[in-house]
Structure formats: structure tokens, C-alpha cells
Amino acid sequence: MPFRSVTTEFALRILTAAAEEMGMSPTDLDHAVWQWQRGGGSCEHGCGLLRRSAGRTPTADG
1 MPFRSVTTEF ALRILTAAAE EMGMSPTDLD HAVWQWQRGG GSCEHGCGLL RRSAGRTPTA
61 DG
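No gaps in the numbering here: position 61 of the sequence shown is 61 in our numbering, and each next residue is one more.
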């Protein structure tokens with residue numbers, strides 16, 4: 001989906017739905033997404049959340 005067609009409302013709805021599906025808070029998922037975009041690949045706690053959800057092998061910390 002082109003970036004310009006993603007509205008704030010759509011992003012909020014899809015992030016909230018994904019967080020619910022993953023059993024986590026939307027705030028925590030939003031934080032993890034930002035960490036991933038910055039090149040961190042995981043949350044500040046080293047849980048490896050997005051490594052696992054992206055199909056990557058978790059490391060010892062995650």
C-alpha cells in the first residue's frame with residue numbers, strides 16, 4: 001500500500017488490531033515498530049519481538 005494512502009485512522013486501527021492479535025498493548029507494539037525502523041530489531045528489553053514476528057530466529061535474549 002502506498003504511504004500516501006495510509007491515513008492516521010487506518011494506521012491506528014491496524015496497529016491496535018495487530019497488538020490485540022499478538023496479545024500485547026498497542027503502545028508496546030508501536031514502540032517495537034519504531035525500534036525496528038531505527039535498526040534496533042527488538043525492544044529496549046531485548047525481547048526480540050519483531051525478530052520473531054518477522055520469521056527470524058530469536059537470539060538468546062529473545
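Think of the CB as a built atom: it goes at the ideal place given N, C-alpha and C, for glycine as much as any other residue.
C-alpha gap between residue i and residue j, whole angstroms
i     : j     : result
Leu12 : Met24 : 15 Å
Phe10 : Ala19 : 14 Å
Met22 : Thr7  : 22 Å
Ala17 : Gln37 : 20 Å
Beta-carbon proximity list for residue i, same chain, < 7 Å, skipping 5 on both sides
i     : result
Leu15 : Pro26, Leu29 and Asp30
Ser5  : none
Residue i CB to nearest heavy atom of the ligand ADP below 8 Å
i     : result
Ile14 : The ligand ADP is not part of the structure shown, which contains no ligands of any sort.
Simplified DSSP state of residue i, which is helix, strand or coil
i     : result
Ser25 : coil
Ala60 : Only weak support exists for where Ala60 lies, its pLDDT of 41 falling under 50; the coordinates are left without a value.
His31 : helix
Per-residue burial, residue i [other beta carbons within 10 Å of its own, 16 or more giving buried]
i     : result
Gly55 : Confidence in Gly55 is poor, its pLDDT being 48 and thus under 50, which makes the residue's placement too unreliable to answer from.
Ala32 : buried
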